[in-house]
Amino acid sequence: MRRYDLDWLRVIVFGLLIFYHVGMFFVPWGWHVKNNVIYDWLRWPMWFLNQWRLPILFTISGMGTYYALGKRTLGKFAWERFLRLGIPLVAGMLLIVPPQVYFERLAEGTYSGSYLQYYTSVAFDGVYPEGNLSWHHLWFLPYLLLFSWVLSPLFIYLRNHGTKFIDGVKRMLQKPLRIYLFVIPLYFVEALVEPFFPVTHALVDDWFTIIFNIILFFYGFVLIATGNIFWESLPQLKHKALVIGIVAFSGQVIIWLLFEDGYVIHFTEALLKVVNIWSWILVLFAYAAQCLNRPSKGLAYANRAVYPFYILHQTVTVGIAYYLMDLDWGLLPKAFLLIVGTFGISWLIYDIVILRIPWLHPLFGLKKEKGKKIAG
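In terms of the UniProt record's numbering, the sequence shown has 369 at position 369, counting the first letter as 1, and numbering is strictly consecutive.
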């Protein structure tokens, strides 16, 4: 049975990504172009959103993989993952990402020519950040492709021969709070791997990002494999997880504000972080299952549009931001223009151009509309 709540969550979380990238224009952290005024207080909602927005997407992708492997051989699944993830990645690196790097170079003052001159001369010279070739926000795609290829043999084995393992997970979920045992592997990765392999999104040597997110991808598959057991545990869990999530994030804020880094602080903060991430993933699954597990025409349209929107949106945001960065307009007018402009221009490109030119569909990961499966 199709889980419409997972479709809604996927749409909502990718939608939040647009708000997050707009926020990156205004906060102190490094980004591709920066506003002339930085708003330090925006770090707090950005930190909160940043901790769980991508983990839940990897978890949902693992869930989608369970369904995808039910009707495909290993070879067919691997090929379809390449078509769905690899081709949009290459197309994005060649067509969508270069304008972002161009606007970066203009903002830095390291390039001053037209975009046509840039694209036909130095757009693909060297690897970013020293060079210009990059996948920027599309880093999610090669990681998801890697996880799909690496874990699919194990997933097929678990579907066919993993009854004892899945039954063990089902027994564990009979007491809903035991689902927090899933935090233990995440904690060890956060505490012991992250200090030595900071996040780069470059795939090579990005061991913390790979290990942490492949675990979440695996969890998504396993939770779906339990059938209804996971979903039946959520009503008993949602309020507890909400409280635990609030406490865990509040604990992190207290540490950031009041304590200097050290061994005890590091291991405590790592525990609070992974508990916070897992709690908000559970909260979102629980409330989506309660409120959003129903079809609608709007969902059908948005679920098909979300992948092209994801591919397009940051280039639109960076392009608009470049022309706003030095204006003295204040936070709200600029943020409003960035949000409305990003959604509006992405929608126009999707609805007026991409949907109407069939040969563009594979470049933006669009399947034929007859497909009724959760995207993995």
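Note that beta-carbon positions come from the ideal geometry of N, C-alpha and C, so glycine has one too. Being a predicted model, the structure only gives us computed values, none of them experimental.
- request: Give the DSSP-derived three-state secondary structure of residue 133 in the structure shown.
  value: strand
query = Is it right to say residue 374 is buried, meaning 16 or more other beta carbons lie within 10 angstroms of its own, or is it exposed?
reply = Low per-residue confidence applies at residue 374: pLDDT is 43, beneath 50, and the placement is therefore not dependable, though the value from the model is reported in the following sentence. When all chains shown are included, residue 374 counts as buried.
Curious, which full-length alpha helix (DSSP H) runs of at least 4 residues does the segment 165-226 contain? 183-192, 207-225
Helix, strand or coil at residue 37 [DSSP, three-state] | coil
Checklist entry - For residue 371, does the count of other Cβ atoms within 10 angstroms reach 16, so buried, or fall short, so exposed? => result Residue confidence for residue 371 is low, a pLDDT of 43 falling below 50, so the modelled location carries little weight and cannot support an answer.
* To do: Would you mind sorting residue 108 into buried or exposed? The rule is 16 or more other CB atoms within 10 Å of its CB.
  => exposed
Pick helix, strand or coil for residue 101, following the three-state DSSP scheme. helix
Taking its Cβ as the centre, do 16 or more other Cβ atoms sit within 10 Å of residue 260, making it buried, or is it exposed? exposed
Tell me whether residue 127 sits in a helix, a strand or coil according to DSSP, three-state version.
strand
* **Within the segment 253-291, ranges of the alpha helix (DSSP H) (whole runs, at least 4 residues)** => 263-291
Contiguous alpha helix (DSSP H) assignments of at least 4 residues, all confined to the segment 301-372
331-348
| request: Could you tell me the distance, in whole angstroms, from the CA atom of residue 268 to the CA atom of residue 191? | output: 9 Å
Using 8 Å as the cut-off, can you tell me whether the segment 219-237 makes contact with the segment 171-187, which would need three or more C-beta pairs spanning the two stretches below that distance?
yes
(request) Assign residue 376 to one of two classes, buried (16 or more other C-beta atoms within 10 Å of its C-beta) or exposed (fewer than that). (result) Below a pLDDT of 50, predicted positions are generally treated as unreliable, and residue 376, at 42, falls in that range; the measurement from the model is reported next regardless. Classification of residue 376: buried, given that the 10 Å Cβ count is 16 or more.
Notebook entry, point to check: Is residue 26 helix, strand or coil by DSSP?
Noted result: coil
Please determine, among 324, 1, 40, 285, the residue with the shortest C-alpha to C-alpha distance to residue 28. 40
### Start-to-end residues for the alpha helix (DSSP H) that takes in residue 122
Per DSSP, residue 122 belongs to no alpha helix (DSSP H) and is neither H nor E.
For this session: Determine the closest residue to residue 238 out of 32, 89, 279, with distance taken between C-alpha atoms.
Result: 279
Query raised in the report: Considering only C-alpha positions, which residue in the set 327, 236, 265 is nearest to residue 282?
Result: 236
Item to complete: Drop a sphere of 10 angstroms on the beta-carbon of residue 408, count the other beta-carbons inside from all chains shown, and report buried for 16 or more, exposed for fewer.
Response: In this structure the chain extends from 1 to 376, so residue 408 is not present and cannot be described.
Discussion item. Check this for me: beta carbons of residue 42 and residue 26, under 7 Å apart or not?
Written reply: yes
For the alpha helix (DSSP H) that residue 149 lies in, which residues bound it at each end?
140-161
Given residue 9, which residues of its chain have a CB within under 8 Å of its CB, disregarding the five upstream and five downstream residues?
56, 60, 284, 285, 288, 292
**Asked** Per DSSP, what kind of secondary structure is residue 92 in: helix, strand or coil?
**Response** helix
key: Among 142, 74, 87, 98, nearest to residue 314 - alpha-carbon criterion   = 98
query: For residue 252, is the classification buried or exposed, using 16 other Cβ atoms within 10 angstroms of its Cβ as the cut-off for buried?
result: buried
Check: With a CB to CB cut of under 8 Å and the five nearest residues on each side skipped, what residues in its chain are close to residue 294?
Finding: 4
*asked:* For residue 343 and residue 212, I'd like the C-alpha separation in whole angstroms.
replied: 30 Å
6 Å Cβ shell around residue 18 - same chain, five flanking residues per side excluded: 313, 342
### Collapsed DSSP secondary structure at residue 376 in the structure displayed
Confidence is the limiting factor: at residue 376 the pLDDT is only 42, short of 50, which leaves the residue's position unreliable, though a coordinate-based value still follows. If DSSP states are grouped into helix, strand and coil, residue 376 belongs with coil.
### Message
Which of the three DSSP states is assigned to residue 21 in this structure?
### Response
helix
Rounded C-beta distance between residue 229 and residue 173? I'm assuming under 8 Å. 5 Å
Going by beta carbon distance, what residues of the same chain come within less than 7 Å of residue 349, once the five residues before and after it are set aside? 312
Neighbourhood of residue 302 by C-beta, 6 Å cutoff - its chain only, sequence neighbours within 5 removed
11
Query raised in the report: Taking the alpha carbon of residue 245 as the point to measure from, which residue in 51, 13, 37, 15 has its own alpha carbon closest?
Result: 51
* Could you spell out the range, first to last residue, of the alpha helix (DSSP H) harbouring residue 50? => 43-69
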